[in-house]
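Protein chains in written order, with our numbering: chain A, 0 to 240; chain B, 29 to 658. We treat Cβ as the ideally placed atom computed from N, Cα and C, and that holds for glycine. Below: the structure, in structure tokens.
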């Protein structure tokens, strides 16, 4: 039986990298005493898959991983036990049983929502000292371009990519830039790439380490393929079991 | 669940810039957070090397658990910042901080440093320097933390005496409570730092270098080592925990986020070693052997696995095969761990039918290798060093192993042992060759799955250590070491099965310097201070070890390398460490040194008491009826 776990990552723990978060969960699952399934062979490992790696320094309200379990007490109990065994900065917020045949977390990812704030003193002029409607206008103009070409560093050297089709939403409220962008393995867009593109339109460059980024949610396509739903939209919780 | 400490000592800018920021943010599972307001004594426990090494050390985890079990004491951890952060902290004047509270070390009551190897001495200065604590104990004011050293190198603390307010000689379980009580009392009474040190110097096991003076003969050897005040003890007996079962052990070890060297539960099954190998310092320092109760160990193992979530458990001791209840313990662990998908790691096992059977149950035979440590190539030299491992036993073990499917063998030897000749060196090559030959004898062609056998022979250079029978022995020069390594290499390449043998050896410079520091005296403090000021640290990392700076500084300080290394010491010389009584008498060590020169072996503690002196502690192996077993 496959279980989808949603968790948040905040505070000092944001400096723990993706691979170490995986190791953290392997040990946390043991401490929590979950009946997790193991692969075969001489060095068996827990069957586990993460939706999308989160970069070092980013916080998140919407991380996901799938684990395979042999048995389950209940979703609520599993969540309780994981949180007991976890550290303060990593909190599990939902546990759901996946229906038979559901795609794994990583393959399902279609989009991600981020909120981005600028560190004090590092707001670029484009976003600094302007009324909200002015910035809204500026973002409209940005999105009104025919294409938004950026250079991505790939395995085979840099290549030019049009990210415009992958930017689904972009808005500015209360000094925060919210965006909903493509997060699929083929077309993943990082928040900083969007911001760099906006700034370069105005001839401005982002200061080093200027952004405070939170991933708010990770999405997949709904069954009919028309809308984005959060990754735990398909799970079954205790009430439906 | 404890609260998070998101109040980090390092800014986001720094943390985003450096390698592995997780080394510095604390907040690990089982890290202890206490309410500062309710704490009387703040203790920072340091391992002066990078986080991944320091976090792998069992001793700190034991002391951390013990000190934190005291209600009004908060013990935190601190490690050497890696070079990237080191440079930033110097530039930006950021004081070194403890991981748990992220508070500056300079505001603590104690800074404890575990000193596990000589090549970390400059890192101790790095830690003090970054912490903004004066490097020399004599320069520290009333507000500075008390800097206390411990661990195996504290058995010859003299080269680093100038940097420490005190040393704790021996096992930490016994005196810390008393030391902390004394500290609190002195604080309440408003006593000075000096008065606290004076009173501490009278506690068992505590050595306060400031209350002793050394006079030298003209030839540089010690004439006298004496206390400077009445009431300060002339010798210091090591501290020892005789009841190793009913004592502190960390049931909730701290679990690091990043992968560290020892990423597993460590179960220390006994202390000490019965074998008495004459080169081995640990084998003398930790006498007598004290075994832990097997039922207690079973409970501890399960408890620690539950509390950490580690996927591996390792048994720890100097010679696990000598633990009397080993089969019972291993059967239990195999049973419990197989169900829970937990790996068992069994270092320091003698290769025999029992251990091969066990290993075949807990590891993948095809992927793992077998380790033998003959230490010397000939039986003659093995007798000199009292390594009770014969060629026959090694070849039998290898034959059994090859029949069991193993194809990889690691062999460990030392070069530069006392009395070593070219024949002994050739013996390394011949033994490696014989083991390869056993493979071809035992395993028929059609069963040689991996095609061939792989023998990896490694040599290290022998460094004589204090409190061993070889403390009188001359050490080889760098040139002699390299010549011996060359001879080994040539001898191996002349063997019939040379294609199956791979030979490894290390640089010799660091071994020479390790020898200087290991048997060094107080005059070396100046050298260590100067090389540090010239930018040396992380000397234990070969890529950062600057030999020429050390040599040049030795010369500047008017000290001679050979005095500390190649010189043959006379039997009546006063050694810098003679004021420490480690339980084993100098008379016994002398006897062993003389027997070594006559190629005579001494039986192990289980077979026959050699009268080393450790029986005075009133327990352990010394009081177990002899079995006559060798």
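Which of helix, strand or coil does DSSP assign to residue 95/A?
Numbered from its first residue, the first chain carries residue 95/A at position 96. Reduced to three states, the DSSP call for residue 95/A is strand.
Do you know how far the Cα of residue 159/B is from the Cα of residue 658/B?
Taking the first residue of the second chain as 1, we reach residue 658/B at position 630. Taking the first residue of the second chain as 1, we reach residue 159/B at position 131. Low confidence applies to residue 658/B: its pLDDT is 48, below 50, so where it sits in the model is not reliable, and the reading given next is rough at best. Rounded to the nearest angstrom, the two C-alpha atoms are 51 Å apart.
Which runs of the beta strand (DSSP E) fall wholly inside the segment 100-161 of chain B and span at least 3 residues, in chain order?
101-107 and 138-142, all fully within the segment 100-161 of chain B.
Per DSSP, which one or two residues make a beta bridge with residue 719/B?
Beyond the ends of chain B as shown, which are 29 and 658, falls residue 719/B; an answer cannot be given.
is_contact[residue 13/A, chain B] using C-beta, thresh 7 Å:
Your numbering for residue 13/A matches position 14 in the first chain. So, not an interface residue.
Determine which residues share a DSSP beta bridge with residue 110/A and list them.
Here residue 110/A refers to the residue found at position 111 of the first chain. Looking at the DSSP assignment, residue 110/A forms a beta bridge with 181/A and 218/A.
Could you tell me which of 572/B, 437/B, 493/B and 407/B sits nearest to residue 452/B, measuring between CA atoms?
Here residue 452/B corresponds to residue number 424 of the second chain, with the count starting at 1. Among 572/B, 437/B, 493/B and 407/B, the Cα nearest to that of residue 452/B belongs to 407/B.
Members of the segment 194-215 of chain A near chain B, C-beta cut-off 8 Å:
207 and 208
Whole angstroms is fine: what's the gap from residue 94/B's alpha carbon to residue 278/B's?
As a first step, residue 94/B is located in the second chain; it is residue number 66 there, counting from the start. As a first step, residue 278/B is located in the second chain; it is residue number 250 there, counting from the start. Straight-line Cα distance between these residues: approximately 8 Å.
Continuous alpha helix (DSSP H) assignments of at least 4 residues falling wholly in the segment 575-642 of chain B:
575-584, 589-592 and 614-625
Same chain, Cβ closer than 7 Å to residue 167/A, five either side skipped, listed in chain order:
Here residue 167/A corresponds to residue number 168 of the first chain, with the count starting at 1. Contacts found: 110, 179 and 180.
Please confirm whether residue 242/B and residue 253/B have their CB atoms less than 7 Å apart.
The residue labelled residue 242/B in the question sits at position 214 within the second chain. The residue labelled residue 253/B in the question sits at position 225 within the second chain. Contact: yes.
Rank 54/B, 317/B and 288/B by C-alpha distance to the C-alpha of residue 270/B and give the top, closest one.
As a position in the second chain, residue 270/B is number 242, starting the count at 1. The shortest C-alpha separation from residue 270/B is found at 317/B.
From the beta carbon of residue 91/A, is the nearest beta carbon of chain B less than 7 Å away?
Position 92 of the first chain, counted from the first residue, corresponds to residue 91/A. Output row for residue 91/A: interface = no.
What are the partner residues of residue 67/B, as DSSP defines its beta bridges?
Along the second chain, read from residue 1 onward, the residue named residue 67/B stands at position 39. None; residue 67/B has no bridge partner.
Could you pull the start and end residues of the alpha helix (DSSP H) that residue 355/B belongs to?
To locate residue 355/B, count along the second chain from 1; it is residue 327. Here the alpha helix (DSSP H) through residue 355/B covers 354-368.
Below 7 Å between beta carbons is the criterion; list the residues of the segment 32-45 of chain B that meet it against any residue of chain A, in chain order.
32, 33, 34, 36, 40, 41, 43 and 44
Which partner residues does residue 128/A have in the DSSP bridge list?
Taking the first residue of the first chain as 1, we reach residue 128/A at position 129. Paired residues: none, contrary to the question.
DSSP three-state assignment for residue 236/A, whether helix, strand or coil:
Taking the first chain and counting its residues from 1, one reaches residue 236/A at position 237. Residue state, collapsed to three classes: coil.
Going by DSSP, which residues form a beta bridge with residue 229/A?
Here the question's residue 229/A lines up with position 230 in the first chain. Bridge partners of residue 229/A: 218/A.
Own chain residues within Cβ distance below 7 Å of residue 480/B, not counting five before or after:
Looking up residue 480/B in the second chain gives position 452. Excluding residues within five positions, the ones whose Cβ falls inside 7 Å are 528.
With a 10 Å radius around its C-beta and 16 neighbouring C-beta atoms as the bar for buried, classify residue 38/B as buried or exposed.
Along the second chain, read from residue 1 onward, the residue named residue 38/B stands at position 10. The residue in question, residue 38/B, is buried, as its Cβ has 16 or more Cβ neighbours within 10 Å.
So, are the CB atoms of residue 290/B and residue 345/B less than 7 Å apart?
Walking along the second chain from the start, residue 290/B turns up at place 262. Walking along the second chain from the start, residue 345/B turns up at place 317. Not a contact, by the Cβ cut-off of 7 Å.
Would you identify the three-state DSSP class for residue 38/A, choosing helix, strand or coil?
Stepping through the first chain from its first residue, residue 38/A is reached at position 39. Here residue 38/A sits in coil by DSSP.
Please list, in chain order, all residues of the same chain as residue 564/B whose beta carbon is under 6 Å from its beta carbon, the five residues on each side excluded.
On the second chain, position 536 is the one that residue 564/B refers to. Within the same chain, residue 564/B has close Cβ partners 150, 574 and 577.
Does the beta carbon of residue 43/A sit closer than 7 Å to a beta carbon anywhere in chain D?
Annotation note: the requested chain D is absent from the structure, which comprises protein chains A and B.
Inter-residue spacing [alpha-carbon to alpha-carbon] between residue 532/B and residue 393/B
Reading the second chain from its first residue, position 504 is the one you call residue 532/B. Reading the second chain from its first residue, position 365 is the one you call residue 393/B. The alpha-carbon atoms of residue 532/B and residue 393/B are separated by roughly 23 Å.
With a 10 Å radius around its C-beta and 16 neighbouring C-beta atoms as the bar for buried, classify residue 8/A as buried or exposed.
In the first chain, the residue the question calls residue 8/A occupies position 9. Per the 10 Å Cβ criterion, buried.
Report yes or no: do the segment 219-238 of chain B and the segment 631-638 of chain B share at least 3 C-beta pairs separated by less than 8 Å?
no
Is the Cβ of residue 55/B closer than 7 Å to any Cβ of chain A?
By 1-based counting over the second chain, the position of residue 55/B is 27. Closer than 7 Å: yes.
Is the Cβ of residue 19/A closer than 7 Å to any Cβ of chain B?
Numbered from its first residue, the first chain carries residue 19/A at position 20. Yes - at least one Cβ of chain B is within 7 Å of the one on residue 19/A.
So the alpha helix (DSSP H) residue 310/B belongs to, where does it begin and stop?
The residue you call residue 310/B lines up with position 282 of the second chain. From DSSP, the alpha helix (DSSP H) with residue 310/B extends over 310-313.
What are the partner residues of residue 141/A, as DSSP defines its beta bridges?
Here residue 141/A is taken as the residue at index 142 of the first chain, counted from 1. Residue pairing by DSSP places residue 141/A opposite no residue, since no beta bridge is assigned to it.
Spell out the partners DSSP gives residue 371/B in its beta bridges.
In the second chain, residue 371/B corresponds to position 343, counting from 1. Note: residue 371/B sits in a beta bridge opposite 340/B.
Against residue 334/B, what residues of chain A qualify as contacts under a CB-to-CB distance less than 9 Å, listed in chain order?
Residue 334/B sits at position 306 when you count from the first residue of the second chain. Here the neighbours are 29, 30 and 32.
Helix, strand or coil, according to DSSP, for residue 172/B in the structure here?
Translated into the one-based positions of the second chain, residue 172/B becomes position 144. Of the three classes helix, strand and coil, the one that applies to residue 172/B here is coil, per DSSP.
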